[in-house]
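Enquirer: Going by the numbering used here, the first residue of the sequence shown is number 3, and it counts up by one from there.
Note that CB positions come from ideal geometry on N, CA and C, so glycine has one too.
Note that the structure is a prediction, hence the values are computed from the model and not measured.
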Amino acid sequence: MQSKRFAIRKPSLHPPIDPENEFQQIELIGKPYLTKQRHHLCKVGSAVHNNHIRLWSYEQWQSKKSDPEMDAWGMPYDVVLVENALGSVCCSGCHSAGINTQSLSDLVVAIEFINTNGELQTVCDYEELKLAQYTIPQGWLNDKATLKSIVANFGLIGVVTSLVLRLDELSYALLQPKRVPILSTIPPKKLDDAPDFFASQKSSSTDLIKAKDNFIKICESDYYAEFFYFPYQQDAIVNTWDNSGSFNDSIPSPIQAHDLEQNVLTYFVYLITPVLSKLLSQEEVAKLFAELTNKVFYQPEQPVCIPITEAMHFQRGVHNIPVTIMEMNIAIPTMDDGSLDWAVAWDIWWRAMTLIYSQAKGKQALQTTMEVRITGGSEVALSPLYGSKACFAIEILGNLQVPKKQWIEFMQSVLNQWLSVRDSQGNPIQVRPHWNKQWRELKFNGLSGIDYMASVYSEQIQLFLAGLERIAMEGGYSTEETQQLFSNPTFDKIIFGNS
Ligand SMILES: Cc1cc2nc3c(=O)[nH]c(=O)nc-3n(C[C@H](O)[C@H](O)[C@H](O)COP(=O)(O)OP(=O)(O)OC[C@H]3O[C@@H](n4cnc5c(N)ncnc54)[C@H](O)[C@@H]3O)c2cc1C
Numbered sequence: 003m004q005s006k007r008f009a010i011r012k013p014s015l016h017p018p019i020d021p022e023n024e025f026q027q028i029e030l031i032g033k034p035y036l037t038k039q040r041h042h043l044c045k046v047g048s049a050v051h052n053n054h055i056r057l058w059s060y061e062q063w064q065s066k067k068s069d070p071e072m073d074a075w076g077m078p079y080d081v082v083l084v085e086n087a088l089g090s091v092c093c094s095g096c097h098s099a100g101i102n103t104q105s106l107s108d109l110v111v112a113i114e115f116i117n118t119n120g121e122l123q124t125v126c127d128y129e130e131l132k133l134a135q136y137t138i139p140q141g142w143l144n145d146k147a148t149l150k151s152i153v154a155n156f157g158l159i160g161v162v163t164s165l166v167l168r169l170d171e172l173s174y175a176l177l178q179p180k181r182v183p184i185l186s187t188i189p190p191k192k193l194d195d196a197p198d199f200f201a202s203q204k205s206s207s208t209d210l211i212k213a214k215d216n217f218i219k220i221c222e223s224d225y226y227a228e229f230f231y232f233p234y235q236q237d238a239i240v241n242t243w244d245n246s247g248s249f250n251d252s253i254p255s256p257i258q259a260h261d262l263e264q265n266v267l268t269y270f271v272y273l274i275t276p277v278l279s280k281l282l283s284q285e286e287v288a289k290l291f292a293e294l295t296n297k298v299f300y301q302p303e304q305p306v307c308i309p310i311t312e313a314m315h316f317q318r319g320v321h322n323i324p325v326t327i328m329e330m331n332i333a334i335p336t337m338d339d340g341s342l343d344w345a346v347a348w349d350i351w352w353r354a355m356t357l358i359y360s361q362a363k364g365k366q367a368l369q370t371t372m373e374v375r376i377t378g379g380s381e382v383a384l385s386p387l388y389g390s391k392a393c394f395a396i397e398i399l400g401n402l403q404v405p406k407k408q409w410i411e412f413m414q415s416v417l418n419q420w421l422s423v424r425d426s427q428g429n430p431i432q433v434r435p436h437w438n439k440q441w442r443e444l445k446f447n448g449l450s451g452i453d454y455m456a457s458v459y460s461e462q463i464q465l466f467l468a469g470l471e472r473i474a475m476e477g478g479y480s481t482e483e484t485q486q487l488f489s490n491p492t493f494d495k496i497i498f499g500n501s
């Protein structure tokens, strides 16, 4: 209840861990172990927020500064907001950024939940627990395939109470978000694909070949890769970094100091946006917002070496601004020679850019930003990244002042463009909606949002249902009882195939 009140209050402050709350425990279990790098398993309650685990890692980094022999552990990747609970981001297939990152659900090595019978049930990947020399408690179901099938579950298996996560030894980001002319950031396939708003960049003979090489290099090798674009700007904000910084060079996180400032500013934006939207046109509001963002955006002159757990949450206060969002996770196709077809990404990006600049005079549905993150694939059944080699996780964000009809029409026009992109062989591309964002009110080549989800995730849903069957058998209940207890009309249709 306390957390809930904090979450809905504006400005909302980060609630500290409640030591009395068993769903907010953070506990290292087993011993450190080595795969490609050092890991430690960590049991977290499902109500632990990203901010709790971020601070927990930061405190270890601070202790290590006094005693460099000490270990420090952290999430290898995470969603942007520090306000989200780990139970939710790990149970709904959320993602971070970076081609070597998977979904948050992929970090889960064991999941504990209250099942249909009201009993605690746990499914785990024992191979990983064994590496950590952790003795599997009695009653845990050791079945990696079932774990991967049911870990992204949206509460359909029951109420998740805790998770065992695979953490990494802290590494250090060389963080330097910066503004770069857009044509040199995410290049169009050909200059003609860029709207006339970018005429000056088009005529200044931007070196597209160099820009494309650079884009591919960033996407295929940077630890973290994220790009933002605010309308009526010539520049994109490029937030890509490597984690090759050294512990010795790492400094106290400047992000901590910006936290309050960014929270105050975003709260201020939240307060003035409705007023401005009455006085100004949408185009003027979007311009103002973009210019304000450019002023307050954290843009250090030199790369800053800080723990990656700080770098991946470098933007704070975002939760203060309520937004509307459509996000599609689009698989980057693989070409015959095994390389990734990034031309698809350029096509997707510039089709949306063309629509941003073709709205009626004074109108601008994209009141905030268009953002893209590069991710790897996932082994988790219901993750949008499942089975892909790389994904282009692209989203457009409006705000609550944009009339609903206008926003839906804009999302639909962008979606139509994305659905009509073809790979180099002329085949349709794989477009999977992010479960937690807007898709219900959209049409996908004539299919309703619900029918499209059932169709585009159909193979994955079969895996999920097989996992559900397995845990039901183990727990002594039926999947029908589980559906009755934990499903809702939307999931009845998408997952359980009820018409
Ligand atoms: C500005 C913004 C930025 C975002 N950035 C990202 C991002 O970087 N990457 C990304 O992938 N997503 C992103 N999202 C989406 C966001 O991370 C998810 O919607 C997240 O799940 C919300 O967290 P919450 O704690 O508020 O979840 P809640 O709304 O509390 O829960 C979301 C869902 O998770 C499931 N769930 C929650 N708790 C449990 C439990 N104990 N047991 C079983 N199931 C449970 C339920 O299905 C629930 O409906 C962003 C959203 C916004 C608005």
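Pull up the distance between the alpha-carbon of Trp142 and that of Asp343, whole angstroms please.
Expert: Each residue's alpha carbon lies about 42 Å from the other.
Enquirer: Ile253: buried (16+ other C-beta within 10 angstroms of its C-beta) or exposed?
Expert: Exposed, by the Cβ-count rule.
Enquirer: For Gln440, does the count of other Cβ atoms within 10 angstroms reach 16, so buried, or fall short, so exposed?
Expert: Buried is the call here.
Enquirer: For the beta strand (DSSP E) containing Tyr35, name the first residue and the last one.
Expert: Residues 28-36.
Enquirer: Runs of 4 residues minimum, wholly inside the region 318-395: which ones carry the alpha helix (DSSP H) assignment?
Expert: Entirely contained in the region 318-395, the alpha helix (DSSP H) runs reaching 4 residues are, in chain order, 345-358.
Enquirer: Can Lys439 be considered in contact with ligand 1, in the sense that its beta carbon sits closer than 8 Å to one or more heavy atoms?
Expert: Yes; taking the cut-off as 8 Å, the Cβ of Lys439 has a heavy atom of ligand 1 nearer than that.
Enquirer: Confirm the yes/no value for this check: CB of Val81, any heavy atom of ligand 1, distance under 8 Å.
Expert: Flag set: Cβ of Val81 near ligand 1.
Enquirer: Following a CB-centred definition, is Ser90 positioned closer than 8 Å to any heavy atom of ligand 2?
Expert: Of the ligands one can find in the structure shown, namely ligand 1, none is ligand 2.
Enquirer: In angstroms with no decimal places, state the Cα-to-Cα distance between Met3 and Phe115.
Expert: Interpretation of Met3 is limited by its pLDDT of 46, a score under 50 that renders its predicted location unreliable; no figure is taken from the coordinates.
Enquirer: Can you tell me whether Lys45 is buried or exposed? The criterion is at least 16 other CB atoms within 10 Å of its CB, across all chains shown.
Expert: The residue is buried, with at least 16 neighbouring Cβ atoms inside 10 Å.
Enquirer: Report, in whole angstroms, the separation of the C-beta atoms of Asp73 and Pro34, which I expect to be a contact under 8 Å.
Expert: Right, the Cβ-Cβ distance comes to about 7 Å (below 8 Å), so this counts as a contact.
Enquirer: Closest to Pro324 by CA distance: which of Val91, Leu294, Val404, Gln486 is it?
Expert: It is Val404 whose Cα lies nearest to the Cα of Pro324.
Enquirer: Taking Val287 as part of the beta strand (DSSP E), name the residues at either end of that continuous run.
Expert: Segment 284-298 is the alpha helix (DSSP H) holding Val287; no beta strand (DSSP E) there.
Enquirer: Quick one: is the Cβ of Gly469 within less than 8 Å of any heavy atom of ligand 1?
Expert: Because no heavy atom of ligand 1 lies under 8 Å away, the Cβ of Gly469 does not count as near it: no.
Enquirer: DSSP three-state label for Gln104, please.
Expert: In this structure, Gln104 counts as coil in the three-state DSSP scheme.
Enquirer: In angstroms with no decimal places, state the Cα-to-Cα distance between Lys150 and His41.
Expert: So the alpha carbons of these two residues sit roughly 20 Å apart.
Enquirer: By the 10 Å Cβ neighbour count, where 16 or more other Cβ atoms means buried, how is Val266 classified, buried or exposed?
Expert: By the 10 Å Cβ count, Val266 comes out exposed.
Enquirer: Just checking, does the region 154-168 make contact with the region 88-103 on the three C-beta pairs under 8 Å criterion?
Expert: Contact holds: three or more Cβ-Cβ distances are below 8 Å.
Enquirer: Taking all protein chains shown into account, decide if Thr484 is buried (16 or more other Cβ within 10 angstroms of its Cβ) or exposed.
Expert: Buried, by the Cβ-count rule.
Enquirer: State buried or exposed for Pro430, treating a residue as buried only when at least 16 other CB atoms are found within 10 Å of its CB.
Expert: Exposed, by the Cβ-count rule.
Enquirer: Going by alpha carbons, who is nearest to Ile239 out of Tyr174, Phe229, Gly378?
Expert: If we check each option's Cα against that of Ile239, Phe229 comes out closest.
Enquirer: Secondary structure at Val240, three-state DSSP: helix, strand or coil?
Expert: Three-state DSSP puts Val240 in a strand.
Enquirer: Between the C-alpha atoms of Thr370 and Tyr359, what's the straight-line distance to the nearest angstrom?
Expert: The straight-line gap from Cα to Cα measures roughly 14 Å.
Enquirer: What residues in its chain sit with their C-beta under 6 Å from that of Asp339, if we drop five residues either side in the sequence?
Expert: There are no such residues.
Enquirer: Output needed for Arg442: all residues of its chain with C-beta closer than 6 Å, excluding positions within five of it in sequence on either side, in chain order.
Expert: Correct list, in chain order: Gly451.
Enquirer: Count the other CB atoms within 10 Å of the CB of Pro189; is the residue buried (16 or more) or exposed (fewer)?
Expert: With 16 or more other Cβ atoms within 10 Å, it is buried.
Enquirer: Ser94: beta carbon under 8 Å from a heavy atom of ligand 1?
Expert: Indeed, a heavy atom of ligand 1 lies less than 8 Å from the Cβ.
Enquirer: Compare the Cα-Cα distances from Gln301 to each of Val277, Phe316, Arg168, Tyr459 and report the closest residue.
Expert: Nearest C-alpha to Gln301: Phe316.
Enquirer: Exposed or buried, which one is Ala134 when buried takes at least 16 other CB atoms within 10 Å?
Expert: So Ala134 counts as buried.
Enquirer: By Cβ distance, which residues of its chain are closer than 6 Å to Glu373, with the 5 residues on each side in sequence left out?
Expert: Only Phe230, Glu397 meet the Cβ criterion.
Enquirer: Considering only residues of the same chain and omitting the five flanking positions on each side of Thr356, which have a CB-CB separation below 6 Å?
Expert: Hits under 6 Å: Pro197.
Enquirer: Give me the residue from Asp425, Gly389, Thr295, Ser283 with the minimum Cα distance to Ala362.
Expert: Checked all of Asp425, Gly389, Thr295, Ser283; the closest Cα to Ala362 is Ser283.
Enquirer: Got a sec: is the Cβ-Cβ distance from Gly451 to anything in chain B below 9 Å?
Expert: Looking at the structure shown, chain B is missing, and only one protein chain is on hand.
Enquirer: Any heavy atom of ligand 1 within a distance shorter than 8 Å of the CB on Val287?
Expert: Val287 Cβ: outside cutoff for every heavy atom of ligand 1.
Enquirer: Kindly indicate the opening and closing residues of the beta strand (DSSP E) around Leu177.
Expert: 174-177 is the extent of the beta strand (DSSP E) around Leu177.
Enquirer: Tell me which same chain residues have a C-beta within less than 7 Å of the C-beta of Thr295, skipping the five on either side of it?
Expert: Result list for Thr295: Phe232, in chain order.
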